[in-house]
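Visitor: Numbering of the sequence shown is given in our numbering, commencing with residue 8 and proceeding in unit increments.
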Amino acid sequence: MHASYAAEGLRIMGFPCNQFGGQEPGTDAEIKEFAKGFNAEFDLFSKIEVNGDNAHPLWKWMKSQPKGKGSFGNNIKWNFTKFLIDKEGQVVKRYGPMDDPSFNLTLFAVGGEGPAHVPLIWLCDP
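1) Going by DSSP in three states, Gly119 sits in which element: helix, strand or coil?
2) Around the Cβ of Phe22, are there at least 16 other Cβ atoms within 10 angstroms (buried) or fewer (exposed)?
3) Skipping 5 residues on each side, what residues in its chain have a beta carbon closer than 7 Å to that of Asn25?
4) Can you tell me whether DSSP reads Ile83 as helix, strand or coil?
5) Cβ atoms of Arg18 and Asp60: under 8 Å apart, would you say?
6) DSSP has Val98 in a bridge; who is on the other side?
7) Decide if Pro126 is buried, meaning its Cβ has at least 16 other Cβ atoms within 10 Å, or exposed.
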């Protein structure tokens, strides 16, 4: 998805998290080195928490937005939960771990919105 829309301005931001079965125990440096092996071409940030009292403020905010609410008590239920955010900084949609947001990006492009205006926030476990 990044390769398809990066030239148009799409930004994918990955936030590693170790709150889901301890699947991301490495340090930030280890995680970034591991991601290089997959030719990850998106912004990969430091490891954060996305649920609970220590959740990162960005994730608290996204989950609190009308279109950012989930069905699991509003908590993130697993890795690879994604948020689509428009050019105005509003949450457009929240995607579950198994959902593919590329369909919606195509709709934005066809509808004239263009993915250049749609950053994608992606909780990842690279």
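Ideal placement from N, C-alpha and C gives every residue a C-beta, glycine not left out.
Guide: In brief:
1) Its pLDDT being 46, under 50, Gly119 is placed unreliably in this model, and the coordinates cannot settle the point.
2) buried
3) Glu31, Pro32, Lys54
4) coil
5) no
6) Ile92
7) The predicted model places Pro126 with a pLDDT of 49, which falls under 50 and marks its position as unreliable, so this point remains unresolved.
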